[in-house]
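Below: the structure, in structure tokens.
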Amino acid sequence: MASVRAAAGRGTTRGLAPGRVQCNVVILPAAAAAGFGRWCERNPAVAPVLARSAAPGESRLPELGQVDLRTDLPAYRVFEDGREVAVVEDLEELWSDDLVGFAFGCSFSLEEALRREGVPLEYERRGFGGAIYRTSLETVASDGFEAPLVVSMRPLPAAAVDAARRVSERYPQLHGAPVHAGDPAAIGVDLDDPLDAIGAIDVAAGEVPMFWACGVTTQLAIEQARPPRAFTHVSSRMLITELRLEDLAVSGPG
């Protein structure tokens, strides 16, 4: 994991370690973790949990391989009372015995599934990665956690929309099927106003913008719930696990 983490430290993990599942991460005190877990259950497209700490203070997630939540992310956002106060390289000095970690699937891995199934990702050839947007849709609130739905957008040729949907449906733990395809305004999205510094993607003639639920939604939920402490991955800099993409595919046509 160290070599992958070192490579990821240089920037986005998108495209790194093809075939290995990448994860969003949220770490909370045990007092807030139960409620967050219920919010995840009610919003499975947003936060499809792949692994959770077996007990408070446990930083390893054996379901994902030799993973240590204290050290194996490229960077960590640090929240206090719902407000980001720092970005750090590891949590070795900040970890405590009451912390509970969650890891859930990321659409970076879904992109790899689309590539394998021959879905043309023409935006990559134009030098673009993903873009994320806040929508007018709301998640299902639970235990003080709520947030507007954040989505990732990828423009695909119109002829590939159905194939992309079918492939996505086979990976519910990587956000699954898109929540919308077509007019961005229908879900309150302005394509010229992405949520953060990842940037926007142009939509070429003959392409349809497709939108998938995004794990960054969890960070907005933390801002709303205001737990005394929380830690998350930094957007586009994910936890790279030893889980294989094929381990997550469910039966069905690709």
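In terms of my numbering, the numbers along the sequence shown are unbroken and rise by one, the last being 1346. Glycine residues also receive a C-beta, built at the ideal position from the N, C-alpha and C atoms.
Query raised in the report: Can Arg-1130 and Asp-1235 be called in contact, C-beta distance under 8 Å?
Result: By 1-based counting over the sequence shown, the position of residue 1130 is 38. By 1-based counting over the sequence shown, the position of residue 1235 is 143. Their beta carbons are under 8 Å apart, which means Arg-1130 touches Asp-1235 by this criterion.
Query - Residue burial classification, Gln-1265 (beta-carbon count within 10 angstroms, cutoff 16) - result: One-based indexing of the sequence shown puts residue 1265 at position 173. By the neighbour-count rule (16 or more Cβ atoms within 10 Å), Gln-1265 is buried.
Requested in this report: Give the straight-line distance between the Cα atoms of Ala-1296 and Ser-1199, rounded to the nearest whole angstrom.
Outcome: Numbered from its first residue, the sequence shown carries residue 1296 at position 204. Numbered from its first residue, the sequence shown carries residue 1199 at position 107. About 21 Å.
Report task. Could you spell out where the alpha helix (DSSP H) holding Ala-1255 opens and where it closes? Result -> Taking the sequence shown and counting its residues from 1, the one referred to as residue 1255 is at position 163. Segment 1253-1261, the alpha helix (DSSP H) holding Ala-1255.
**Report entry** Distance cut-off 7 Å: Thr-1163 Cβ against heavy atoms of the ligand HEM
**Finding:** Summarising the ligand content, the structure contains no ligands, and the ligand HEM is consequently not present.
Query raised in the report: Going by DSSP, which residues form a beta bridge with His-1325?
Result: Position 233 of the sequence shown, counted from the start, is the residue given in the question as residue 1325. DSSP output for His-1325 lists Tyr-1168 as bridge partner(s).
Query raised in the report: Closest by CA to Asn-1135, which one among Arg-1152, Ala-1178, Leu-1183, Ala-1313?
Result: As a working mapping, residue 1135 is identified with position 43 in the sequence shown. Looking at the Cα atoms, Ala-1313 is the closest of the given residues.
Query raised in the report: If we cut at 8 Å on Cβ distances, does Val-1211 have a partner in chain E?
Result: Among the protein chains of the structure shown there is no chain E, as only one such chain exists.
Requested in this report: Would you be able to state if there are at least three C-beta pairs under 8 Å between the stretch 1207-1216 and the stretch 1275-1286?
Outcome: no
Requested in this report: For the alpha helix (DSSP H) containing Leu-1335, list its first residue and its last residue.
Outcome: As a first step, residue 1335 is located in the sequence shown; it is residue number 243 there, counting from the start. Leu-1335 -> not in any alpha helix (DSSP H); beta strand (DSSP E) instead, spanning 1331-1336.
Query - Thr-1163 in three-state terms, based on DSSP - result: Walking along the sequence shown from the start, residue 1163 turns up at place 71. Here Thr-1163 sits in coil by DSSP.
Query raised in the report: So, Gly-1113 versus Leu-1340, is the Cβ gap smaller than 8 Å?
Result: Locating residue 1113 in the sequence shown gives position 21, counting from the first residue. Locating residue 1340 in the sequence shown gives position 248, counting from the first residue. What sits at residue 1113 in the sequence shown is Val, not Gly. Yes, the pair counts as a contact, with Cβ atoms nearer than the cut-off.
Requested in this report: Quick one: measure Cβ to Cβ for Gly-1197 and Cys-1115, integer angstroms, because I've assumed they're closer than 8 Å.
Outcome: Along the sequence shown, read from residue 1 onward, the residue named residue 1197 stands at position 105. Along the sequence shown, read from residue 1 onward, the residue named residue 1115 stands at position 23. Correct: roughly 6 Å between the Cβ atoms.
Requested in this report: Could you spell out where the beta strand (DSSP E) holding Ile-1314 opens and where it closes?
Outcome: Residue mapping note: residue 1314 aligns to position 222 of the sequence shown, counting from 1. That residue, Ile-1314, is in no beta strand (DSSP E); its alpha helix (DSSP H) goes 1309-1317.
Query raised in the report: Counting Cβ pairs, one atom from each stretch, are 3 or more of them under 8 Å apart for the stretch 1244-1256 and the stretch 1155-1165?
Result: no
**Report entry** As assigned by DSSP and simplified to three states, the class of Ala-1269
**Finding:** The sequence position of residue 1269 within the sequence shown is 177, counting from 1. Three-state result, Ala-1269: coil.
**Report entry** Cross-strand partners of Ser-1151 (DSSP beta bridge)
**Finding:** For the purposes of this step, residue 1151 is taken as residue 59 along the sequence shown, with counting starting at 1. In the DSSP output, where bridge partners are listed per residue, Ser-1151 has none listed.
Query raised in the report: Are there 16 or more other CB atoms within 10 angstroms of the CB of Gly-1268, so buried, or fewer, so exposed?
Result: What you label residue 1268 is simply residue 176 of the sequence shown in a count that begins at 1. It is buried - the Cβ of Gly-1268 has at least 16 other Cβ atoms within 10 Å.
Query - Ser-1244 burial status per 10 Å Cβ neighbour count (16 or more: buried) - result: Here residue 1244 is taken as the residue at index 152 of the sequence shown, counted from 1. Result: buried.
Query - Contact between the stretch 1179-1191 and the stretch 1212-1225 (3+ Cβ pairs under 8 Å) - result: no
Query raised in the report: What residues in its chain sit with their C-beta under 7 Å from that of Met-1367, if we drop five residues either side in the sequence?
Result: The question about residue 1367 has no answer, for the chain in this structure spans 1093 to 1346.
Report task. Inspect the beta-carbon positions of Arg-1246 and Met-1302 and report whether they are closer than 8 Å. Result -> Along the sequence shown, read from residue 1 onward, the residue named residue 1246 stands at position 154. Along the sequence shown, read from residue 1 onward, the residue named residue 1302 stands at position 210. Against a cut-off of 8 Å, the Cβ pair of Met-1302 and Arg-1246 comes out as a contact.
Query raised in the report: Is it buried or exposed for Glu-1133, if we count other Cβ within 10 angstroms and need 16 for buried?
Result: Residue mapping note: residue 1133 aligns to position 41 of the sequence shown, counting from 1. Exposed is the call here.
Report task. With DSSP as the reference, label Ser-1343 as helix, strand or coil. Result -> Stepping through the sequence shown from its first residue, residue 1343 is reached at position 251. Three-state result, Ser-1343: coil.
Report task. Would you kindly work out how many angstroms separate the C-alpha atoms of Glu-1172 and Pro-1240, rounded to a whole number? Result -> Here the question's residue 1172 lines up with position 80 in the sequence shown. Here the question's residue 1240 lines up with position 148 in the sequence shown. Glu-1172 and Pro-1240: Cα-Cα distance of roughly 20 Å.
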